[in-house]
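Quick note on my numbering: the sequence shown kicks off at 1 and runs consecutively.
Glycine included, C-beta positions come from ideal geometry on N, C-alpha and C.
To start, the structure itself, in structure tokens.
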Amino acid sequence: MIERVYLKEYVTFDEVELEFSEVDLEFSKGLIVFTGPSGAGKSVLMRGILSIFGYFDLNAKLGEAVVDNEIDLEKYGLENDDVLIFKQIKKNKNRFFINNQAVSKKTVREIADKFINYLSLREIKEFENENILKTLDKMVKEKEYYVKLNEYENIFKVYLSKKKELENLENLEKEAKEKIEFLKFELEKIEQIDPKIGEFEELMSVKKDLSKIEKIKEKIFEVERIFDFEYSVYELLEMSEVDSEFFSNAMNELRIAIDKAHEKAEYLETVDVEEVLERLSNLQDLIRRYGSIEECLEYYEKKKNELNQLENLSFEKENLKNEIEKLYEKLTELAQYISDKRQKTSVKLKEKLNFYLSKLYMPGADITFSKTDLNILGFDKVEIIINDIDINTISTGEFNRLRVAMLASKLEYEEDEKTLFLDEIDANLSGEESMSVAEVLKYLSSKYQIFAISHQPQLASKANKHFLVEKKEGKSIVRELSKEERISEIARIIGGMEKSKKAIEYAKELLKDKNG
1 MIERVYLKEY VTFDEVELEF SEVDLEFSKG LIVFTGPSGA GKSVLMRGIL
51 SIFGYFDLNA KLGEAVVDNE IDLEKYGLEN DDVLIFKQIK KNKNRFFINN
101 QAVSKKTVRE IADKFINYLS LREIKEFENE NILKTLDKMV KEKEYYVKLN
151 EYENIFKVYL SKKKELENLE NLEKEAKEKI EFLKFELEKI EQIDPKIGEF
201 EELMSVKKDL SKIEKIKEKI FEVERIFDFE YSVYELLEMS EVDSEFFSNA
251 MNELRIAIDK AHEKAEYLET VDVEEVLERL SNLQDLIRRY GSIEECLEYY
301 EKKKNELNQL ENLSFEKENL KNEIEKLYEK LTELAQYISD KRQKTSVKLK
351 EKLNFYLSKL YMPGADITFS KTDLNILGFD KVEIIINDID INTISTGEFN
401 RLRVAMLASK LEYEEDEKTL FLDEIDANLS GEESMSVAEV LKYLSSKYQI
451 FAISHQPQLA SKANKHFLVE KKEGKSIVRE LSKEERISEI ARIIGGMEKS
501 KKAIEYAKEL LKDKNG
């Protein structure tokens with residue numbers, strides 16, 4: 001609810017100079033009506049109030065509104081507080097603040113939309129499919145229904161996720177054929193070489209040894225001549241009375257070393273040099289491309305798995321299609337249950353709506369259902385039709401009365417308190433029609449805070465607070481009326497500036513009925 005509004009030095013249009021040195025209004029929940037002579041500035045004042053909340057461009061030096069609705073400001077990057085203070089300051093340009101925190105006009109409007117309905121704008125959000133369905137869902141009042149509604153929403157989210165997964169799979173499948181051929185070609189090249197970890201280093205060692213095989217054989221021949229003197233060494237050691245064990249061990253180790261040298265030479269004799277060089281060349285190609293043999297083998301395993309996945313796409317696709325089909329069947333079953341409940345409940349909504357429409361002297365409405373593609377709300381498409389006419393084609397006055405009737409119809413099911421702004425909703429109506437509109441708005445004001453501009457005595461008489469907007473010496477002022485002043489103002493509305501005795505008596509009667 002808007003608790004307080006403050007405007008300073010406010011001018012809204014050229015033909016009327018509206019300079020409020022200070023306009024300070026305090027409101028409470030209920031019906032708040034503004035009346036006054038034509039051209040006094042009632043609509044300008046309402047636009048000024050709405051401008052603080054970003055609905056219009058504000059030309060006031062300062063605009064401020066205190067609101068006590070519970071709004072989570074943290075969603076908008078702002079700090080929460082017990083009250084909301086909307087402020088607009090104009091110097092070189094308009095600047096907006098909420099609780100002294102600078103915000104954009106767009107954010108101000110977005111937050112205000114949570115608790116304000118401005119019925120002068122021809123917005124159809126109350127009659128959009130989503131909002132009508134949510135109203136019907138609130139009216140069902142069955143625990144099992146809400147369980148199934150929640151189940152449907154959760155399954156639908158999974159369904160969407162699986163459909164997206166299938167779409168990605170199908171896109172992948174289109175590219176798969178060419179990619180499979182490329183992967184097979186890459187893997188085949190690695191498989192043909194069949195590299196082993198450590199093989200490159202071993203072959204490099206063999207290559208090095210091959211380059212010196214003749215020198216190894218030559219040295220073996222030279223070293224073997226030492227054995228021709230072995231016996232002489234033993235004789236010398238014996239004559240010298242020196243233990244010959246060390247020499248014996250050394251000679252044995254030398255024989256082993258020479259045997260190994262022979263084996264290596266014999267092995268190198270059997271090695272195909274060209275084959276070694278070709279193998280090294282192939283391995284070097286892999287190293288240049290992948291960094292190392294280890295990295296090459298890692299890449300091979302990764303691409304092999306990718307190839308397996310691509311080759312199994314059709315299998316995965318079929319499994320996914322079956323899963324989606326089962327989800328669709330379950331969703332259709334739940335959507336039908338939800339639709340049946342909604343259609344049954346729509347009879348109640350239609351009765352309520354037509355009750356208020358008749359009070360507002362409007363023709364009856366029909367609520368029609370049709371099927372659409374499955375979505376997060378089910379498959380229902382709901383429309384409200386007046387006299388077989390699309391509501392988008394009816395007059396603005398009729399449209400706003402339809403909005404009031406809709407608000408009244410769902411009032412008992414609403415959880416959030418709202419503030420409504422109505423600009424001459426009772427314009428061009430007869431006395432009976434005006435009284436019906438006033439009574440419906442009075443009923444709505446039990447839950448809503450309603451700001452209304454009126455030129456009719458009936459709505460003015462039902463007000464919890466009655467403000468007079470008038471112009472003196474070219475300046476507009478606004479003030480709350482006392483009981484006696486209300487009688488005088490309502491009499492003016494009835495009979496003009498003359499305020500006949502009959503008009504005064506009728507005004508008293510209207511106020512008596514309101515208080516009674």
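Simplified DSSP state of residue i, which is helix, strand or coil
i, result
"lysine 465", "strand"
"leucine 78", "coil"
"tyrosine 413", "helix"
"alanine 507", "helix"
"phenylalanine 182", "helix"
"valine 83", "coil"
"serine 21", "Only weak support exists for where serine 21 lies, its pLDDT of 36 falling under 50; the value from the coordinates is given anyway. Three-state DSSP puts serine 21 in coil, outside helix and strand."
"serine 370", "strand"
"lysine 472", "strand"
"aspartate 57", "coil"
"glutamate 480", "strand"
"asparagine 282", "helix"
"tyrosine 8", "Inspection of the sequence shows that residue 8 is occupied by lysine rather than by tyrosine. Of the three classes helix, strand and coil, the one that applies to lysine 8 here is strand, per DSSP."
"asparagine 69", "coil"
"alanine 102", "strand"
"glutamate 266", "helix"
"phenylalanine 115", "coil"
"asparagine 428", "coil"
"asparagine 375", "strand"
"leucine 360", "coil"
"valine 44", "helix"
Spatial neighbours of residue i in its chain, beta-carbon cut-off 7 angstroms, leaving aside the 5 residues before and after
i, result
"lysine 304", "Leu187"
"glutamate 22", "Because glutamate 22 carries a pLDDT of 46, less than 50, the predicted location of this residue cannot be relied on, and the following value inherits that uncertainty. Cβ neighbours of glutamate 22 beyond the five flanking positions: Lys8."
"isoleucine 367", "Ser346, Leu349, Lys350, Val382 and Ile384"
"isoleucine 258", "Ile220, Val223 and Glu224"
"glutamine 343", "Phe369"
One or two residues paired with residue i in a DSSP bridge
i, result
"asparagine 92", "Looking at the DSSP assignment, asparagine 92 forms no beta bridge with any residue, so it has no partner."
"isoleucine 518", "With the chain represented from 1 up to 516, any question about residue 518 goes unanswered, as that position is not in the structure."
"isoleucine 2", "Val67"
"lysine 381", "Ser370"
"isoleucine 386", "Ala365 and Ile389"
"phenylalanine 97", "Lys87 and Ala102"
"leucine 62", "Lys8 and Ile89"
Contacting residues, own chain, Cβ-Cβ under 6 angstroms from residue i (five flanking each side not counted)
i, result
"arginine 401", "Leu360 and Met362"
"lysine 217", "Ala265"
"leucine 73", "Asn80"
"asparagine 69", "Phe115"
"alanine 65", "Ile2, Val5, Ile52 and Phe86"
"serine 500", "none"
"asparagine 99", "Asp81 and Ile85"
"isoleucine 49", "Val5"
8 angstroms CB neighbourhood of residue i in its chain, flanking five on each side removed
i, result
"valine 273", "Leu210"
"lysine 330", "Ile155"
"valine 271", "Val206 and Leu210"
"tyrosine 152", "Leu331, Leu334, Ala335, Ile338 and Gly378"
"threonine 372", "Phe379, Asp380 and Lys381"
"glutamate 306", "Leu183"
8 angstroms contact criterion, which residue i and residue j should meet: CB distance rounded
i, j, result
"serine 409", "lysine 352", "4 angstroms"
"isoleucine 385", "alanine 365", "7 angstroms"
"glutamate 173", "leucine 320", "Actually they do not touch by this definition, with Cβ atoms about 11 angstroms apart."
"isoleucine 193", "asparagine 282", "5 angstroms"
"glycine 54", "phenylalanine 96", "7 angstroms"
"isoleucine 521", "glutamine 449", "With the chain covering only 1 through 516, there is no way to say anything about residue 521."
"asparagine 428", "serine 445", "Not a contact, Cβ separation roughly 23 angstroms."
Three or more beta-carbon pairs under 8 angstroms between the region 426 to 438 and the region 467 to 479, yes or no? no
Say whether the region 414 to 422 touches the region 139 to 149, bearing in mind that this needs 3 or more beta-carbon pairs closer than 8 angstroms, one atom from each stretch. no
Answer yes if the region 28 to 48 comes into contact with the region 458 to 470, meaning at least three C-beta pairs across the two stretches below 8 angstroms, and no otherwise. yes
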